[in-house]
Every structure is written in structure tokens, then in C-alpha cells.
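*Asks:* Heads up, the first sequence is in the numbering used here, so the first residue is 3 and it goes up one at a time. Quick reminder that beta carbons are idealized off the backbone N, C-alpha and C, glycines included. Predicted model only: the values in this text are computed from it and were never measured.
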Amino acid sequence: MNVLADIEQTLKGEIKAAIIASSLADEADIPAINLEKPKEKSHGDFAANIAMQLARIAKKAPRQIAEDIVAHLDKEKANIEKVDIAGPGFINFFMKDNFLSDIVPLILKQGKDYGRSNAGNGKRVQVEFVSVNPTGDLHLGHARGAAFGDVLCNVFAAAGYDVDREYYINDAGNQIDNLALSIDTRYKEALGQEADMPEDGYHGNDIIEIGKELAEKYGDEWLHKGHETRISFFRDYGLTFELDQIKKDLDAFGVRFDRWFSELSLYEDNKIIEALNELQESGYTYEKDGATWFKSTEFEDDKDRVLIKQDGTYTYLTPDIAYHKDKLERGYGKVINVWGADHHGYVPRMSAAIQALGYPQEAFSVSIIQMVNVVEDGEIVRMSKRTGRAVTLRELMEDVGVDAVRYFFIMRSNDSQLDFDVDLARSESNENPVYYVQYAHARICTMLAQAATRGIKVTENYDATLLQSEKEQDLLKQIAAFPQIIADAAQAEAPYRITQYVYDLATMLHSFYNAEKVINEDDMALTEARIALMTAVQTTIANSLQLLGVTAPESM
RNA sequence: GACCUAGUAGCUCAGCUGGAUAGAGCAACGCCCUUCUAAGGCGUAGGUCGCAGGUUCGAAUCCUGCCUGGGUCGCCA
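Have a look at this one:
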């Protein structure tokens, strides 16, 4: 149930009826009616631009059309107080004072579920995100993707989609061999031997740690076994170790997955061969220079791509195609990938593969996450002071806390590069948007606690006509919009809209708080009405923060 | 050279997929705590929406061309 949507639906219906009644256009010719919420209060509660859109169809001046519509409008049915025609032909609707009176009782009733809707109609969506190679720590780019993907999934779920979260483990490529060889080197070093790192070896402290651990557990036992046996063991050992680290970090960050999908399993289950066969049978492959190629240029890629290299092994693309085939065969209406900006060039070839496998282009989309810079003392921090390497998610969480990291990562559009201001995130002050929003929530909690000690109860049976001030109306409109905001954020795959929404709501709350006193024992009717409103706002803020994975403290 | 992405107030960013006088936060300046949390509020100032064309009733938003920052162009993953 969505109060605001219902109101808009009714209003649109009446506008349409008025257009037909004044014979401005046939029903089939009427364009989709758009209602906006004007920024300017003198423009009413809703504004329609339909008169301008109809100008060409009705062959009349927009203002004349607007007048015809208004003359035929059933104001009673649409719950309208007053209608104005303004500017080039906008129709401004002023609703009756009580038009939002249903919203607070609804929120009180729905509680934690307020904001949820069926906008997605249960459509099955799968989001694959993070999917970092298990060869080292999560750094900030990954973390931004993790926060984005997680909140996107929350938003999808709240908007009525059936969403699954998945992590694709790259446990089969060269990088894992490299990991094993790097561990081998560190193992030997831990035993006091000299050893060289492989050319593309991993130099992180984690690998040194693994080497030491192996030396402590097994001594030089593994040196006496064959190279193949040893490397194979180290591969598994390293993979488990690294994956555990990643899982631990993500868990601490509040990110969980429904499924961890192993690339290796694609080999074991013959999925790669199947995918290759399908592409070949459809005529999308060919042989050249001793390699097997995919004709991705038939689907707007700028060059064809190698599937099987001269040495007989696969490129990264090949198992990935098999993986996407598998995903889509599992019945998802849409699969979404969250990738770093450095992988954007990979999108056209994957999109080509989806289409070559016979799926519609829209079944697949990629959200590109732009780079993150850490800024401290006004300067970009290239390396962690502590480790001398790229700053990791773990360090950042320890530094500024999970709430701030998550909020900051989601605060901006994923299309924009992000400067993560560590000083700002650390500061427990008004400059920090996380605290600003949380403070609004805590403030309401305090008020409600005060009210409770005075025996004032939260009730649906309050007098809604008492909430007429501008600031109260602003709050009512804002909380009423919540389900639609979520649905729009899901549709646009833009979770950052939730941060903007809740920030605006916090602003309105603070403004109201400073202007009016909620608990007033000389006017219990008003007090009850405001307590009901405050409870509804509290619920809406808490539910927003829940979507963001940020805590909603009761006191600060 | 090609592709992706960004260019909006001194700084960091919104601008709801084409609407009315372009908005926030920070920084600056001036006010508001004997009153439910001042981690807050109110106000002032601050703009050639990168540049140039085009599309139309209307463009920060759409199209074309150029300029600038970032990213990417492997039989790496």
C-alpha cells in the first residue's frame, strides 16, 4: 500500500476524465500524465504539465487547454481544495488539508515494513558484487562496490523484487597459481632459505603470514614433496586463507551473500564446454592464429575476443560467459554486475556474449563504480601510513567506524569519483552527515521517552487536522514519499537516493524541532497528534538507515 | 586514435530521466540554548550550469562538435 501513489493515481484519473469530458483528445492519444511536486509552495501540492503536452494534439493554446481541463475537473472526487493555472500552462493542484491524513496511521501500523512495496512484482534479480580475487585484502574501491551492491539489494528487496546476492570466486585463473608460488617463496623464506618472488607475485603481508604459518605447522615437510604437490596444496591453503579474510571483512562491514560461486566449479561441471559449444553451434566462434575467437563485434564490441588461447587455456572471458549462462538459466529476469571503473571496457564483450547466448540485452546490466580517493588534511592519501600499501577496508572501518564508511560510500552517485574525507568521517560533529541523520533519530527517541514518562501514548486515534503547520506538512509529504523513493531507487539502480532522502527528512525534523515544542501538557490533543507524527518520522528514518546498513541509535 | 565517466557557488556534491526564480553541506558573515539533546535551527552573501551550435512552448537535463580531469583499450585477471 502506498498512500501517495494512490492519491496521485486518483488525481491522474480525474485529469484524464476531464480531458475526455472536454473533448480535447481521444483517450488513446492522451500522453502519460505526469505529476510533479513543485519546489515552490505557491505552486501547490502537485503540478501537471499536461496542457503543454496536449497543445499539439488538441491544436489549442496550453492555457486554454488548462482552463478546459480545470472546468471539467471533479474536485470533490480528487480531493482538491483549489486549482490554479500558472505560467505557460501549468495546472497547480492544492489538495484539501487532510489529504495526507492516512499516512501516519499507516506507518504506525506497518512499522518496520513501512516503505516496502510490490513495485518489482517479485521479479527475480541477481546482483553479483565484490567478487575480488582471493589474493589479498579488500581495498577501498572494492569496499565502495560492496556498500553499493549491498544497499542496492536491500532497496530491490524493499521494492518488491526477489533478489539474490552472489560473489564470484576467481579460484581458477593464473592469479591463483601466482598466489601459490608467492606463498611458496614466503614459506621457504620462513624456513630461512633464499627464494625469489615470481614476476607477478603478491607482496602483501598476508602472504608472509601464510608462509610463516605453514612453516610453523609443517616445518620443512613440504620441501621434500614434489613441486606440483606442494604448489597444489599451497594453492588450496592460500585460497582458503584469503577467502576467510575477505569473508571476515565483509561480515564486519555488514555485507552477506546468498551464494559464493566458484569459478573452478564451472570447469568441474563442464559448464565452460557447454557454453563454448553453444556459441560455436550458433556460429559465433572461429579459429584464427591457433586460437578460438568470439565474434563479439556482431554485437557492438569494437573487436573480436579470444576464448581459447594458443596454449589451449581459456581467457578470463570464457568461464565468465559460462558463469553468466548459468546465472540466466537459473531463471533470473535480470543479472546485475557491480564492477570497478577499471573494468568498464569489459562490458561490451560480456553484453555481446549474453546476446549471443540468445538472451535479451536488458537481461544484463553493469553498475560501474568510480574510483575512491582517501583525503586527509585536504590531501589525497596514496598509501596507508601504517602498511605503506593501499588503504584497506579493514583499516578504514577501524578508523572511522562501519556506519560512516557505509554512509559515505553510498552518499554519492556511483558514476562520480569519490573523495573519502577521513577527517570528516571521523568527526563527531555537525559537519558529519551520518551523525546529522542519526541525531534526528535519537532526538525523536528522547522526545518519545519523555512523552512515555508522562503517560502520553502513541495512538492512531489522534486528530489529524491539527497537523497543519508548514513544517508538519513538509514532514507528512516527505514520509509519504518513502515507498516511491525506494521503488525509484531500485528502478534506477541508484541506492544513493536513499541517503539524500533520509538527509532531507532529517533536515525537516531538525527544523520542526526547533520551531515547535512537541510535548505540551496544556494541549494534549496537539501533543498526541505530534507524538504520532514523530513516531512515524522515527520509523521512516530507522527504515531508511536499515536499508543503508547504518545503525539508528536511540541516544547520542 | 577509440570507448566509458565526470565538468553546476571558493570546496564536496544534488538536481527526481525536458518544467516555473538552478539547490544542499562545508568554508565566510550575523543571529537563536532558564524551554522535549546547540552533534541543532534561522538568516545574509556566493552561479556565464566547461565552450559553441542545434532540437521546442520550454534545456543544467536531449543531439552534434570541441576543451579539461579520471579510467580503459592484452591470447592479464
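(1) Quick one: what does DSSP say LYS190 is sitting in, helix, strand or coil?
(2) Looking only at C-alpha atoms, which of THR187, ALA354, GLY314 sits nearest to LYS327?
(3) Go ahead and pull the three-state DSSP assignment for ALA491.
(4) Please give the ranges of any beta strand (DSSP E) in the segment 241-313, keeping only runs that are unbroken, at least 3 residues long and fully inside the region.
(5) Between LYS479 and ALA517, which are expected to be in contact by the criterion C-beta below 8 Å, what is the C-beta distance as a whole number of angstroms?
(6) Is TYR505 closer than 8 Å to PRO435 when the C-beta atoms are compared?
(7) Does the distance from the C-beta atom of LYS14 to that of ILE35 stay below 8 Å?
(8) Do GLY138 and ILE371 have their C-beta atoms within less than 8 Å of each other?
(9) Relative to the alpha-carbon of ALA444, which residue among VAL337, THR553, PHE422, ALA343 has its alpha-carbon at the smallest distance?
(10) Taking 8 Å as the threshold (C-beta atoms), are VAL349 and ASP421 in contact?
(11) If you measure between the beta carbons of ALA121 and ALA492, is that distance less than 8 Å?
(12) Given a cut-off of 8 Å, decide if GLN540 and ILE481 are closer than it, judged by their beta-carbon atoms.
(13) Taking ASP421 as part of the beta strand (DSSP E), name the residues at either end of that continuous run.
(14) Distance, Cα to Cα, GLU276 vs LEU56?
(15) From the DSSP output, which residues share a beta bridge with LEU1?
(16) Check whether the Cβ atoms of ALA53 and ILE109 lie closer than 8 Å to each other.
(17) Could you give the uninterrupted runs of the beta strand (DSSP E) lying entirely in the segment 354-403, keeping only those of 3 residues or more?
(18) Can you name the start and end residues of the alpha helix (DSSP H) that VAL5 belongs to?
(19) For TYR163, name the three-state secondary structure that DSSP assigns.
(20) Bridge partners of ILE87, per DSSP?
(21) By the DSSP assignment, the alpha helix (DSSP H) with GLU201 in it spans what residues?
(22) Please report the Cβ distance between VAL257 and GLU130, rounded to the nearest whole angstrom; I am assuming they are in contact, meaning their Cβ atoms lie under 8 Å.
(23) Following the continuous alpha helix (DSSP H) through GLY213, name the residue where it begins and the one where it ends.
(24) For GLU16 and ALA466, what's the separation of their Cα atoms in angstroms?
(25) Can the beta-carbon of SER369 be found closer than 8 Å to that of VAL393?
(26) Just the C-alpha distance for ILE105 and SER513, rounded to the nearest angstrom, thanks.
(27) Do ARG408 and GLY221 have their C-beta atoms within less than 8 Å of each other?
(28) Which two residues bound the contiguous beta strand (DSSP E) that contains ARG126?
(29) Look at ASN4 and PRO485 and say whether their C-beta atoms are less than 8 Å apart.
(30) Give the straight-line distance between the Cα atoms of GLU462 and ALA161, rounded to the nearest whole angstrom.
(31) For HIS68, which residues of its own chain have a beta-carbon under 8 Å away from its beta-carbon, when the five flanking residues on both sides are left out?
(32) Report, in whole angstroms, the separation of the C-beta atoms of THR317 and ASP306, which I expect to be a contact under 8 Å.
(33) Helix, strand or coil: how does DSSP classify TYR318 here?
(34) Kindly confirm or deny that the segment 189-197 and the segment 209-227 touch, where touching means at least three C-beta pairs closer than 8 Å.
(35) Out of THR448, SER557, ASP476, THR509, state which residue places its alpha-carbon closest to the alpha-carbon of VAL520.
(36) In the DSSP assignment, what residue or residues form a beta bridge with GLU2?
*Replies:* Checking against the coordinates, here is how it stands:
(1) helix
(2) ALA354
(3) helix
(4) 261-264, 287-290, 293-296, 307-310
(5) At roughly 17 Å, the Cβ-Cβ gap does not stay under 8 Å, so LYS479 and ALA517 are not in contact.
(6) yes
(7) Yes. Within cutoff.
(8) no
(9) THR553
(10) no
(11) yes
(12) no
(13) 420-423
(14) Distance between the alpha carbons of GLU276 and LEU56: 54 Å.
(15) Since the displayed the chain opens at 3 and closes at 558, residue 1 lies outside it and no answer follows.
(16) no
(17) 366-371, 374-378, 381-383
(18) 5-23
(19) coil
(20) ILE93
(21) No alpha helix (DSSP H) contains GLU201, which DSSP labels as neither H nor E.
(22) Not a contact, Cβ separation roughly 13 Å.
(23) Its alpha helix (DSSP H) spans residues 207-220.
(24) A direct Cα-Cα distance of roughly 25 Å separates GLU16 from ALA466.
(25) For SER369 and VAL393, no; Cβs fall outside 8 Å.
(26) 21 Å
(27) no
(28) 126-130
(29) yes
(30) 26 Å
(31) Checking the displayed sequence, the identity of residue 68 turns out to be Ala instead of His. Cβ neighbours of ALA68 beyond the five flanking positions: ALA53, ILE87, GLY91, PHE92, ILE93.
(32) The pair is not a contact, with the Cβ atoms about 12 Å apart (cut-off 8 Å).
(33) coil
(34) The segment 189-197 vs the segment 209-227: in contact.
(35) THR448
(36) The chain is shown only over 3 to 558; residue 2 falls outside these bounds and no answer can be derived.
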